[in-house]
Amino acid sequence: MKVAIYTLGCKVNQYETQAIETELRRRGHSLAPFEGPAEAYIINTCTVTAVSDHKSRQAIRRCRKWNPAAVVGVCGCYAQTDPQAVSQLGVDLIAGTAGRMGFLDDLERLAEEREPRPMVTVGNIMSTREFEELPAGGLEGRTRAMLKVEDGCVNFCSYCIIPYARGPVRSLPLDHAAAEARRLADLGYKELVVTGIEISSWGQDLKDGTGPIDLIEAVCAAAPGCRVRLGSLEPRTVTEDFCRRASGLHNLCPHFHLSMQSGCDATLKRMNRKYDTARYLESVELLRRWFDRPGITTDLIAGFPGETEEEFAATLDFLRQCAFTSMHIFPYSVRPGTPAAGMEGQVPKAVKEERARRAAAVAEEMRGDYLRGFLGETLPVLFEEEKNGLWRGHAPNYVEVRASAGHDLHNVEADVHIMHIDGEILVGELA
Numbered sequence: 041m042k043v044a045i046y047t048l049g050c051k052v053n054q055y056e057t058q059a060i061e062t063e064l065r066r067r068g069h070s071l072a073p074f075e076g077p078a079e080a081y082i083i084n085t086c087t088v089t090a091v092s093d094h095k096s097r098q099a100i101r102r103c104r105k106w107n108p109a110a111v112v113g114v115c116g117c118y119a120q121t122d123p124q125a126v127s128q129l130g131v132d133l134i135a136g137t138a139g140r141m142g143f144l145d146d147l148e149r150l151a152e153e154r155e156p157r158p159m160v161t162v163g164n165i166m167s168t169r170e171f172e173e174l175p176a177g178g179l180e181g182r183t184r185a186m187l188k189v190e191d192g193c194v195n196f197c198s199y200c201i202i203p204y205a206r207g208p209v210r211s212l213p214l215d216h217a218a219a220e221a222r223r224l225a226d227l228g229y230k231e232l233v234v235t236g237i238e239i240s241s242w243g244q245d246l247k248d249g250t251g252p253i254d255l256i257e258a259v260c261a262a263a264p265g266c267r268v269r270l271g272s273l274e275p276r277t278v279t280e281d282f283c284r285r286a287s288g289l290h291n292l293c294p295h296f297h298l299s300m301q302s303g304c305d306a307t308l309k310r311m312n313r314k315y316d317t318a319r320y321l322e323s324v325e326l327l328r329r330w331f332d333r334p335g336i337t338t339d340l341i342a343g344f345p346g347e348t349e350e351e352f353a354a355t356l357d358f359l360r361q362c363a364f365t366s367m368h369i370f371p372y373s374v375r376p377g378t379p380a381a382g383m384e385g386q387v388p389k390a391v392k393e394e395r396a397r398r399a400a401a402v403a404e405e406m407r408g409d410y411l412r413g414f415l416g417e418t419l420p421v422l423f424e425e426e427k428n429g430l431w432r433g434h435a436p437n438y439v440e441v442r443a444s445a446g447h448d449l450h451n452v453e454a455d456v457h458i459m460h461i462d463g464e465i466l467v468g469e470l471a
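Residues 41 to 471 in this note's numbering are what the sequence shown spells out, letter by letter.
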């Protein structure tokens with residue numbers, strides 16, 4: 041059976057799609073491009089914003105254009121939070137954020153029936169209370185594999201629907217995570233990305249005294265020949281002890297994505313974030329004390345309800361104080377079903393977009409300052425693919441680097457002497 045898959049959203053969704061792809065191949069099926077004919081379509085949906093819901097619905101509708109008789113299955117966060125809306129789009133299968141293997145069982149069964157089908161709900165539309173281990177990591181031809189170690193979130197930020205879509209925290213046991221890291225290294229991957237919905241919450245449900253740094257140490261030890269890169273961290277995870285132990289891991293990438301969302305304490309309080317700017321800055325300073333020029337990246341929501349011009353100006357000042365190496369910046373998007381959607385002081389769209397542009401300009405300045413510091417230096421680069429005559433890859437700090445070579449560099453780590461900057465990319469020659 042030819043199956044086409046479309047994925048929206050975060051790295052966890054990408055991981056789970058890779059799991060579905062791996063399992064489909066194991067069962068003897070083949071993968072097809074989404075924009076074309078297939079016997080079955082799977083849409084792995086996102087619901088982090090109302091725009092994500094809209095994109096999910098668009099993808100579902102497109103399937104029928106390519107093959108009206110195909111089986112259409114929908115899973116993921118949008119299917120979890122609003123299965124009724126999904127059911128009205130003429131799909132055959134719905135699963136939420138759990139029960140992926142049962143979802144594939146029913147997909148196969150319905151494809152074999154090849155007759156008019158009623159809509160079927162499969163799996164568990166509510167999130168399970170146990171971590172669902174999936175046969176994933178990466179696919180052939182890729183240098184980087186994802187290792188999902190955690191699912192769920194109980195932070196309940198006022199703008200976020202994900203706790204309702206993903207349920208409570210569930211952790212992959214430490215020995216299972218180490219074994220999976222070892223397996224992926226044996227398959228030839230050179231970099232592992234430790235990911236989850238909220239990896240800073242890893243271990244909360246295990247109640248055995250272990251926390252994220254214990255997990256990181258175990259993964260690094262299990263795959264000593266692989267780079268280990270971390271997904272997004274809650275700032276309070278970064279303590280003196282965390283940095284001391286993490287800095288001793290030779291294969292841990294010095295790249296830390298610290299979720300921020302605002303640089304103003306009043307806005308952070310309305311967002312129901314669990315830290316203030318002083319605690320956040322402490323994390324940034326600790327990382328720079330223990331690591332040599334680490335890549336520190338973050339997210340920012342511009343124009344959150346109630347944000348005044350003075351509050352936004354404070355955020356811009358705080359960005360410069362932190363000197364981020366890269367940022368993801370989003371104008372606030374109303375997400376129905378969250379407390380923020382009903383807050384007073386909703387900021388006009390034009391103001392939100394204008395603030396996002398101003399923040400992006402500051403981010404570009406900071407990015408340039410960081411990149412210029414590597415001119416004339418040599419960086420180890422894990423190469424991924426050739427594009428327009430140059431091989432591209434990433435340094436441990438997650439800066440993209442390009443270099444020319446007369447031979448295949450796919451999945452090869454090599455030193456590059458940095459010669460100049462092209463936009464947000466370092467360009468050099470093999471050392």
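By construction, the Cβ of each residue, glycine as well, lies at the ideal position given by its N, Cα and C atoms.
- Message: Just to confirm before moving on: does the CB-CB distance between LYS51 and VAL234 stay below 8 Å?
- Response: Note that the C-beta distance between LYS51 and VAL234 is not below 8 Å.
- Item | Option nearest LEU292 by Cα separation, candidates ILE369, THR378 and ILE253 | Here the closest residue by C-alpha is ILE253.
- Query: Could you give the distance in angstroms between the alpha-carbon of GLU190 and the alpha-carbon of GLU325?
  - Reply: Computed Cα separation, rounded: 27 Å.
- Measure the C-alpha to C-alpha separation of CYS362 and LEU466 and round it to an integer number of angstroms. Roughly 22 Å between the two C-alpha positions.
- With a 10 Å radius around its C-beta and 16 neighbouring C-beta atoms as the bar for buried, classify GLN128 as buried or exposed. It counts as exposed.
- Item | Simplified DSSP assignment, three categories, for PHE143 | Three-state result, PHE143: helix.
- Helix, strand or coil at GLU404 according to DSSP, with G and I counted as helix: DSSP places GLU404 in helix when its eight states are reduced to three.
- Task: Please look up how many angstroms separate the CB atoms of ASN312 and SER198, rounded, as I've assumed it's under 8 Å.
- Result: A Cβ-Cβ separation of about 4 Å places ASN312 in contact with SER198 under the 8 Å criterion.
- C-alpha distance - GLU63 paired with GLU79, whole-angstrom precision: Near 17 Å, if we compare the C-alpha coordinates of GLU79 and GLU63.
- Item | Distance between CYS304 and GLY228 (C-alpha atoms, nearest Å) | Rounded to whole angstroms, the gap between the alpha carbons of GLY228 and CYS304 is 44 Å.
- Message: Assuming VAL88 and ILE202 are in contact, meaning their beta carbons sit under 8 Å apart, how far apart are those beta carbons, in whole angstroms?
- Response: Their Cβ separation, rounded to whole angstroms, is 7 Å, which keeps VAL88 and ILE202 in contact under 8 Å.
- Query: Between ASN84 and GLU61, which are expected to be in contact by the criterion C-beta below 8 Å, what is the C-beta distance as a whole number of angstroms?
  - Reply: Going by Cβ atoms, the distance from ASN84 to GLU61 rounds to 10 Å, so no, they are not a contact pair.
- Message: Less than 8 Å between the beta carbons of THR183 and GLU424, yes or no?
- Response: In contact: THR183 and GLU424 (Cβ atoms closer than 8 Å).
- Item | Residue interval of the beta strand (DSSP E) (run including PRO371) | Residues 366-371.
- Message: Using 8 Å as the threshold, is the C-beta distance between ILE336 and SER302 below it?
- Response: ILE336 is not a Cβ neighbour of SER302, given a cutoff of 8 Å.
- Query: With a Cβ-Cβ cutoff of 8 Å, do VAL126 and ALA119 count as a contact?
  - Reply: For VAL126 and ALA119, yes; Cβs fall inside 8 Å.
- Query: If you draw a straight line from the C-alpha of GLY163 to the C-alpha of GLY385, how long is it?
  - Reply: Unreliable positioning characterises GLY163 in this predicted model, as indicated by a pLDDT of 49, which lies under 50. The coordinate reading is nonetheless provided below. A straight line joining the alpha-carbon of GLY163 with that of GLY385 spans about 40 Å.
- Message: Whole angstroms are fine: how far does the CA of GLU148 sit from the CA of MET367?
- Response: If you take the alpha carbons of MET367 and GLU148, they lie about 42 Å apart.
- State the beta-bridge partners of ASN312 as determined by DSSP. For ASN312, which the question treats as bridged, DSSP gives no partner whatsoever.
- Message: For a test of the three-state rule: what should DSSP assign to LEU187, helix, strand or coil?
- Response: Under the three-state reduction of DSSP, LEU187 is assigned to strand.
- Could you check if VAL91 is buried or exposed, using at least 16 other CB atoms within 10 Å of its CB as the buried criterion? Its Cβ having fewer than 16 others within 10 Å, VAL91 is exposed.
- Message: Quick check on VAL456: does DSSP put it in helix, strand or coil?
- Response: If DSSP states are grouped into helix, strand and coil, VAL456 belongs with the strands.
- Three-state class that DSSP yields for CYS200 in the structure shown: In the structure shown, CYS200 sits in coil (DSSP, three-state: anything other than H, G, I, E or B).
- Mind pulling the beta strand (DSSP E) runs of 3 or more residues that sit fully within the stretch 327-393? 335-342 and 366-371, all fully within the stretch 327-393.
- Message: If you follow the beta strand (DSSP E) that ARG432 is in, where does it begin and where does it stop?
- Response: 430-434 is the span of the beta strand (DSSP E), which, as asked, contains ARG432.
- Task: Please classify GLY163: does DSSP put it in a helix, a strand, or coil?
- Result: Reliability fails at GLY163, whose pLDDT of 49 lies under 50, so the model's placement of it is uncertain and the value that follows must be treated cautiously. Here GLY163 sits in coil by DSSP.
- State the CB to CB distance for the pair ASP455 and PRO420, rounded to an integer number of angstroms; the pair is presumed to be in contact (CB under 8 Å). Indeed they touch by this definition, with Cβ atoms about 6 Å apart.
- Query: Under the DSSP definition of a beta bridge, which residues are partnered with CYS115?
  - Reply: According to DSSP, CYS115 bridges with ASN84.
- Is HIS457 near GLU469, with beta carbons less than 8 Å apart? Yes, Cβ-Cβ distance for HIS457 and GLU469 is below 8 Å.
- Message: Would GLU231 and CYS260 be called neighbours here (beta carbons separated by less than 8 Å)?
- Response: Against a cut-off of 8 Å, the Cβ pair of CYS260 and GLU231 comes out as no contact.
- Query: Helix, strand or coil: how does DSSP classify ARG104 here?
  - Reply: Helix.
- Would SER444 pass as a contact of LEU430 if the rule is Cβ separation under 8 Å? Contact flag set, yes.
- Message: Using only the alpha-carbon positions, how far apart do ALA219 and VAL452 sit?
- Response: So the two alpha carbons sit approximately 24 Å from each other.
- Write down every uninterrupted run of the alpha helix (DSSP H) in the stretch 215-284 whose length is 4 residues or greater and which is fully enclosed by it, in chain order. Qualifying alpha helix (DSSP H) stretches, in chain order: 252-262.
- Task: Output the distance between the C-alpha atoms of HIS290 and ALA435, rounded to the nearest integer angstrom.
- Result: Distance between HIS290 and ALA435, taken at the CA atoms: about 14 Å.
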